[in-house]
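Residue numbers (this note's numbering): 141 to 380.
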């Protein structure tokens with residue numbers, strides 16, 4: 141439920157475009173302000189099963205999801221220590237982050253968010269969050285991708301670059317804290333569980349990249365950069 145993606149996939153962006161076609165109707169039935177194109181929540185149908193498509197959320201459901209996402213987002217931008225810290229360091233490297241850079245959107249795919257490096261937009265999947273802490277971890281994860289994009293010369297079509305950013309984001313965002321692994325994902329191994337989690341999540345993310353042909357290629361990319369990228373905690377002094 142909590143997978144995120146470095147760059148927005150074609151299907152993810154198709155969902156983004158679908159929002160533009162129905163937003164007028166959604167906002168007419170909600171208290172959400174009319175969004176600008178770069179700020180748009182994205183409605184999408186729920187994930188389909190093998191037998192029949194799941195029902196499309198109602199306008200009221202979409203509006204309620206969007207309002208909750210926006211409320212949590214605005215609060216976390218100013219109250220979350222890790223989000224505030226990352227915003228500060230992103231501003232230092234020339235990439236200040238405003239509320240408009242984080243877009244609440246329903247998603248078809250099983251993920252919590254994504255970073256669109258072309259627009260500098262973080263996409264937050266409003267229908268996928270299990271709680272506010274889950275959103276906080278997702279924002280931190282995607283802001284770490286944004287930091288890498290702004291601070292380093294990342295080629296998002298180079299799987300080794302992608303793997304490095306995914307390792308860093310999983311390592312530093314809180315994705316792999318012990319409590320989340322133990323209680324949310326039922327991963328009970330204690331010894332080196334953090335490293336195991338980081339590697340697992342990086343492999344999943346790279347495997348889902350549009351330019352990755354297979355799992356073996358993803359594993360090779362992660363292995364090639366692991367020793368240099370796992371210890372790299374910038375902009376933190378240590379793992380958060």
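The C-beta atom is built at its ideal place from N, Cα and C for all residues, glycine as well.
Classification of residue i by the beta-carbon crowding that lies within 10 angstroms, buried from 16 upward
i	result
residue 335	exposed
residue 339	buried
residue 253	buried
residue 298	exposed
residue 314	buried
residue 257	buried
residue 213	buried
residue 180	For residue 180, the predicted model reports a pLDDT of 33, less than 50, meaning its position is unreliable and no value from the coordinates is stated.
residue 211	exposed
residue 365	buried
residue 238	exposed
residue 368	exposed
residue 223	buried
residue 373	exposed
Three-state secondary structure (DSSP) of residue i
i	result
residue 269	coil
residue 243	strand
residue 139	Since the displayed the chain opens at 141 and closes at 380, residue 139 lies outside it and no answer follows.
residue 189	Confidence is the limiting factor: at residue 189 the pLDDT is only 30, short of 50, which leaves the residue's position unreliable, though a coordinate-based value still follows. Note: residue 189 maps to coil in three-state DSSP.
residue 250	coil
residue 404	One cannot answer for residue 404 here, as it falls past the ends of the chain, which runs 141 to 380.
residue 313	coil
residue 378	coil
residue 198	coil
residue 277	helix
residue 289	helix
residue 363	helix
residue 206	helix
residue 297	coil
residue 304	helix
Nearest-angstrom Cβ-Cβ length linking residue i and residue j, presumed shorter than 8 Å
i	j	result
residue 282	residue 220	Not confirmed; about 13 Å, so no contact.
residue 243	residue 263	5 Å
residue 246	residue 202	6 Å
residue 346	residue 356	Contact flag wrong, Cβ pair sits at about 11 Å.
residue 341	residue 303	Not confirmed; about 11 Å, so no contact.
residue 349	residue 287	Not confirmed; about 19 Å, so no contact.
Start-to-end residues for the alpha helix (DSSP H) that takes in residue i
i	result
residue 225	221 to 232
residue 336	333 to 347
For residue i: DSSP bridge partner residues
i	result
residue 262	242 and 255
Within-9 Å CB hit, residue i to chain B
i	result
residue 258	In the structure shown, chain B cannot be found, because there is only a single protein chain.
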